[in-house]
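Below: the structure, in structure tokens.
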Amino acid sequence: MAVQQAGWKRHIVKVLTFLLILTVCLAVLQWFIIKELFGFGTDMVRDALIRQAPEGVDRYDIEATFDRVKTAGMQLPFSFLARKISLRKIRAVGRYAIEANRDEVWDADEINTLLRMMNASVGFKGGNE
């Protein structure tokens, strides 16, 4: 009877070990997928904003800001833990972008405000790099 219980325990340990390894593999895969989707989304929004940017908005500022955000986003969750990125501020940026683009037209002030908010969300103060 004791031998049968030991056999079951070994099988349960093997199954649980396999499930743990599978869970870790899926978590790593999910992390890479999220990073790639974040990078793709950042590039897509940057390109659309550059195309729609009116006079008075420096396209280099758009590119530099989105590159900073993309770099911080690609370092998640470590950039969040090190307080290099504020998810609360990024959420506010998203809400502002939706509200500002409600009429589907960007003006220079809206874009410049959006860029300042994005820079603040990744801790960039401005000035020369």
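Adding 546 to a residue's 1-based position in the sequence shown gives its number in this note's numbering. From the three backbone atoms N, C-alpha and C, an ideal C-beta is built for every residue, glycine too.
DSSP three-state assignment for residue i, whether helix, strand or coil
i, result
"Val615", "helix"
"Asn647", "coil"
"Glu601", "coil"
"Ala610", "helix"
"Leu660", "helix"
"Ala628", "coil"
"Gln621", "coil"
"Val668", "coil"
"Trp652", "coil"
Residues near residue i by beta carbon distance below 7 Å, same chain, minus five either side
i, result
"Thr588", "Phe612, Val615, Lys616, Gly619"
With 16 other Cβ atoms within 10 Å as the buried cut-off, status of residue i
i, result
"Met590", "exposed"
"Ala594", "exposed"
"Val603", "buried"
"Ala573", "exposed"
"Leu627", "exposed"
"Leu568", "exposed"
"Leu583", "exposed"
"Leu575", "exposed"
"Ile608", "buried"
"Phe657", "The question names Phe, yet the displayed sequence has Ile at residue 657. When all chains shown are included, Ile657 counts as buried."
"Asn674", "Residue placement at Asn674 is poorly supported in this model, since its pLDDT is 42, which falls under 50; the coordinates still yield a value, given next. With fewer than 16 other Cβ atoms within 10 Å, it is exposed."
"Glu654", "What sits at residue 654 in the sequence shown is Ala, not Glu. With fewer than 16 Cβ atoms within 10 Å of its Cβ, Ala654 is classed as exposed."
"Leu660", "buried"
"Leu566", "exposed"
"Ala552", "exposed"
Cut-off 8 Å between Cβ atoms - residues of its own chain near residue i, not counting five sequence neighbours on either side
i, result
"Glu645", "none"
Beta-carbon gap between residue i and residue j smaller than 8 Å
i, j, result
"Lys630", "Ala666", "no"
"Arg605", "Ala599", "yes"
"Met663", "Ala638", "yes"
Closer than 7 Å: residue i CB and nearest the ligand ZN heavy atom
i, result
"Lys630", "For the structure depicted, the ligand ZN is absent and the ligand set is empty, with no information on it obtainable."
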